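In this note's numbering, the protein residues as written are 8 to 302.
All residues carry an ideal CB built from backbone N, CA and C; glycine is no exception.
The structure presented is a predicted model; accordingly, all values stated were derived computationally and were not measured.
Here is the structure we will look at.
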């Protein structure tokens with residue numbers, strides 16, 4: 008056990024002496040999280056809308072008045088569906104609405120009129136949010152009466168605050184990235200210096216050395232998480248706490264340790280630090296996109 012803690016202390020001292028790496032980690036857990044929380048907007052803003060009105064009535068214009076700033080730009084009229092489709096394809100507009108000639112008559116008859124929608128979904132997150140706004144606008148416009156009242160409860164981020172959501176998702180993304188990269192770099196550095204084989208020949212259990220080196224990087228990540236949560240998530244964005252902060256730290260510790268395991272796999276395959284960066288990108292991109300943080 009003494010050897011274990013000696014190796015942990017040695018790795019922590021090496022990290023502190025590498026002031027460039029310390030600055031990178033501090034930047035990632037502070038400024039990167041702050042920039043993501045304050046600079047990324049998930050709500051639709053200035054969405055360009057186009058429409059084709061074949062109904063020729065006032066009902067369609069009344070519906071279009073619901074699309075107002077700052078979420079939507081003033082709707083632009085098109086003369087044909089082909090021109091509207093081309094505008095969406097050319098990214099001149101994001102949302103296209105098509106009112107067919109029977110729209111107003113069908114709506115006044117049974118309120119089951121069809122509204123055709125063209126949506127640029129290349130930006131999946133923005134398209135999904137825009138479609139949700141459109142659904143709510145149409146629902147409020149039609150004034151449909153439900154037999155059951157629909158009530159939405161949000162257990163977290165009740166006000167749908169972008170800063171609260173993006174700061175936490177960026178924190179978890181940074182945690183994943185650094186727990187993988189830092190662990191992999193520690194072992195690959197030993198390979199490059201030629202000291203790894205020497206360490207394995209020492210009368211010390213190799214598993215203890217591997218565990219100690221991984222544990223030291225998890226400690227660094229956990230310190231970064233505490234700094235980020237204290238100064239950015241709670242300090243800058245005043246995120247409310249719902250649940251146990253201790254439970255969050257415990258789960259974050261196990262999560263970082265899981266990332267360290269992925270870092271061991273990267274270190275086993277990579278031959279130098281450059282390959283660590285390349286393999287980490289290949290592994291990280293699917294993890295981030297499948298997590299739902301950016302999509």
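Leaving out the 5 sequence neighbours to the left and right, which residues in its chain are closer than 6 Å to residue 186 when beta-carbon positions are compared? One-based indexing of the chain shown puts residue 186 at position 179. Once the five neighbours on either side are set aside, the close Cβ partners of residue 186 are 228, 263, 266, 267.
Going straight from the alpha carbon of residue 251 to that of residue 261, what length do you get? Taking the chain shown and counting its residues from 1, one reaches residue 251 at position 244. Taking the chain shown and counting its residues from 1, one reaches residue 261 at position 254. Taking the straight line joining both Cα atoms gives about 16 Å.
Answer with buried or exposed for residue 182, where buried requires no fewer than 16 other C-beta atoms within 10 angstroms of its C-beta. Within the chain shown, residue 182 is the residue found at index 175, counting from 1. Buried, because 16 or more other Cβ atoms sit within 10 Å of the Cβ of residue 182.
Residues that residue 103 bridges to, as DSSP identifies them: Taking the chain shown and counting its residues from 1, the one referred to as residue 103 is at position 96. DSSP output for residue 103 lists 57, 125 as bridge partner(s).
Are the beta-carbon atoms of residue 58 and residue 114 separated by less than 8 Å? Indexing the chain shown from 1 puts residue 58 at position 51. Indexing the chain shown from 1 puts residue 114 at position 107. Cβ atoms of residue 58 and residue 114: not closer than 8 Å.
Whole-Å CB distance - residue 190 paired with residue 274, under 8 Å assumed: Here the question's residue 190 lines up with position 183 in the chain shown. Here the question's residue 274 lines up with position 267 in the chain shown. Contact flag correct, Cβ pair sits at about 7 Å.
Do residue 174 and residue 46 have their CB atoms nearer than 8 Å? As a position in the chain shown, residue 174 is number 167, starting the count at 1. As a position in the chain shown, residue 46 is number 39, starting the count at 1. No. Outside cutoff.
Considering residue 229, what are the terminal residues of the alpha helix (DSSP H) in which it resides? If you number the chain shown from 1, residue 229 lands on position 222. Where residue 229 is concerned, the enclosing alpha helix (DSSP H) stretches over 213-235.
Pair every Cβ in the segment 92-101 with every Cβ in the segment 126-141, then say whether three or more of these pairs are closer than 8 Å. yes
With 16 other Cβ atoms within 10 Å as the buried cut-off, status of residue 116: Along the chain shown, one-based indexing puts residue 116 at 109. Classification for residue 116: exposed.
Residue 71 versus residue 133: straight-line alpha-carbon distance, rounded: As a first step, residue 71 is located in the chain shown; it is residue number 64 there, counting from the start. As a first step, residue 133 is located in the chain shown; it is residue number 126 there, counting from the start. Computed Cα separation, rounded: 20 Å.
Would you say residue 270 and residue 217 are within 8 Å of each other, going by their C-beta atoms? Residue mapping note: residue 270 aligns to position 263 of the chain shown, counting from 1. Residue mapping note: residue 217 aligns to position 210 of the chain shown, counting from 1. Not in contact: residue 270 and residue 217 (Cβ atoms no closer than 8 Å).
So what does DSSP say about residue 43, is it helix, strand or coil? Counting from one through the chain shown, the residue named residue 43 turns up at place 36. DSSP places residue 43 in helix when its eight states are reduced to three.
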